[in-house]
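A.B. asks: Residue numbers (our numbering): 83 to 239.
Beta carbons: idealized from backbone N, C-alpha and C, even for Gly.
In this text the structure is predicted, and so the values were computed from the model without any measurement.
Before I ask anything, let me first share the structure, which is written out below as structure tokens.
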């Protein structure tokens, strides 16, 4: 059932935030961690960053796909709402809590999820959340593009 899927997703996120982030903070002696992902992984990175802004210093989204509605067969509840950046971000009343974060949204002219990156950028702009939408020429939705994009973005940090 879709409710079970979103509960499993929340359990996965809790492991990342509780265990992986804690390990990274201890090992690297930092207060916040950087998150990055490509395609659906960009969704996970962005959703975790926006749901746990006090834990994240940098978000790098590569060719993100942020609309999760197709995974739940029309089912919708609060768990899905609070894991859907397109739903909860427009309703945030305290967008300032994201402005310490360096947010990069990378896409390209051949990226099949390009419109998703633009849509997320529009939501962030509407809430005055600082970010950089980088729409590069000759970029698509595949590992070779993401490798080049990530190397470039990391060189800027």
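Please classify residue 137 as buried or exposed, where buried requires at least 16 neighbouring CB atoms within 10 angstroms.
C.D. replies: As a working note, residue 137 is residue 55 in the chain shown. Residue 137 is buried by the Cβ-count criterion.
A.B. asks: With distances taken between CB atoms, is the gap from residue 168 to residue 205 smaller than 8 angstroms?
C.D. replies: In the chain shown, counting from the first residue as 1, residue 168 sits at position 86. In the chain shown, counting from the first residue as 1, residue 205 sits at position 123. Going by C-beta atoms, residue 168 is nearer than 8 angstroms to residue 205.
A.B. asks: Around the Cβ of residue 221, are there at least 16 other Cβ atoms within 10 angstroms (buried) or fewer (exposed)?
C.D. replies: On the chain shown, residue 221 is found 139 positions in, with the first residue counted as 1. Buried, because 16 or more other Cβ atoms sit within 10 Å of the Cβ of residue 221.
A.B. asks: What residue from 153, 148, 201 and 172 has the CA that sits closest to residue 83's CA?
C.D. replies: On the chain shown, position 1 is the one that residue 83 refers to. Answer by Cα proximity: 153.
A.B. asks: In angstroms, rounded to a whole number, what distance separates the CA positions of residue 101 and residue 200?
C.D. replies: Along the chain shown, one-based indexing puts residue 101 at 19. Along the chain shown, one-based indexing puts residue 200 at 118. The straight-line gap from Cα to Cα measures roughly 32 angstroms.
A.B. asks: Tell me where the alpha helix (DSSP H) around residue 87 begins and ends.
C.D. replies: To locate residue 87, count along the chain shown from 1; it is residue 5. Taken as a continuous stretch (DSSP letters only), the alpha helix (DSSP H) holding residue 87 covers 84 to 97.
A.B. asks: Judging by CA-CA distance, which residue of 198, 186 and 188 is the nearest neighbour of residue 149?
C.D. replies: Counted from its first residue, the chain shown places residue 149 at position 67. Checking every option, the nearest Cα to that of residue 149 belongs to 198.
A.B. asks: Could you tell me the distance, in whole angstroms, from the CA atom of residue 177 to the CA atom of residue 208?
C.D. replies: Numbered from 1 along the chain shown, position 95 holds the residue referred to as residue 177. Numbered from 1 along the chain shown, position 126 holds the residue referred to as residue 208. Approximately 10 angstroms, taken between the alpha carbons.
A.B. asks: Whole-angstrom Cβ separation of residue 186 and residue 227, contact assumed at under 8 angstroms?
C.D. replies: Numbered from its first residue, the chain shown carries residue 186 at position 104. Numbered from its first residue, the chain shown carries residue 227 at position 145. Their Cβ separation, rounded to whole angstroms, is 14 angstroms, which puts residue 186 and residue 227 out of contact at 8 angstroms.
A.B. asks: Which residue spans inside the segment 145 to 186 form an unbroken alpha helix (DSSP H) run of at least 4?
C.D. replies: Within the segment 145 to 186, the complete alpha helix (DSSP H) runs of at least 4 residues are 160 to 163 and 167 to 170.
A.B. asks: What residue from 140, 96 and 98 has the CA that sits closest to residue 213's CA?
C.D. replies: Position 131 of the chain shown holds residue 213. Looking at the Cα atoms, 140 is the closest of the given residues.
A.B. asks: Taking C-alpha atoms, which residue in 113, 171 and 121 lies nearest to residue 133?
C.D. replies: For the purposes of this step, residue 133 is identified with residue 51 of the chain shown, where counting begins at 1. When each option's Cα is compared against that of residue 133, the closest is 171.
A.B. asks: Can the beta-carbon of residue 180 be found less than 8 angstroms from the beta-carbon of residue 147?
C.D. replies: Position 98 of the chain shown, counting from 1, holds the residue named residue 180. Position 65 of the chain shown, counting from 1, holds the residue named residue 147. No, the pair does not count as a contact, with Cβ atoms beyond the cut-off.
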